[in-house]
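Taking it in order: structure first as structure tokens, then the write-up.
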Amino acid sequence: MSEEEPRSASGSGAAPALLVDHLTKRFGDRTAVEDVSFEVGRGEVFAFLGPNGAGKTTTVRMLGTVIEPSSGSAA
Numbered sequence: 003m004s005e006e007e008p009r010s011a012s013g014s015g016a017a018p019a020l021l022v023d024h025l026t027k028r029f030g031d032r033t034a035v036e037d038v039s040f041e042v043g044r045g046e047v048f049a050f051l052g053p054n055g056a057g058k059t060t061t062v063r064m065l066g067t068v069i070e071p072s073s074g075s076a077a
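Laid out in structure tokens, this is it:
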């Protein structure tokens, strides 16, 4: 069985500009971000919305490689 190449949400078949897979960040016993997965296609715009303390800033810091995730990946 062959592995499929990631497809963007636009359905164009092109690899996504951003692919986040099971991203998690823990600070000691506290989980700030848990199992976040999504993709953003080339030319698409996205935003994070949520209440204070939801993990938006922590996620952006992981995407910008300011902090390392505890597990998962972003490319």
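In the numbering used here, the protein residues as written are 3 to 77.
All residues carry an ideal CB built from backbone N, CA and C; glycine is no exception.
Quick caveat, the model's predicted, so the values are computed rather than measured.
The Cβ neighbour count for P71, taken over all protein chains shown within 10 Å, is at least 16; the residue is labelled buried.
Taken through DSSP and simplified to helix, strand or coil, T33 comes out as strand. Where S75 is concerned, the enclosing beta strand (DSSP E) starts and stops at S73 to A76. For V62, the three-state secondary structure derived from DSSP is helix. V38 is classed as buried because its beta carbon has at least 16 other beta carbons within 10 Å across all chains shown.
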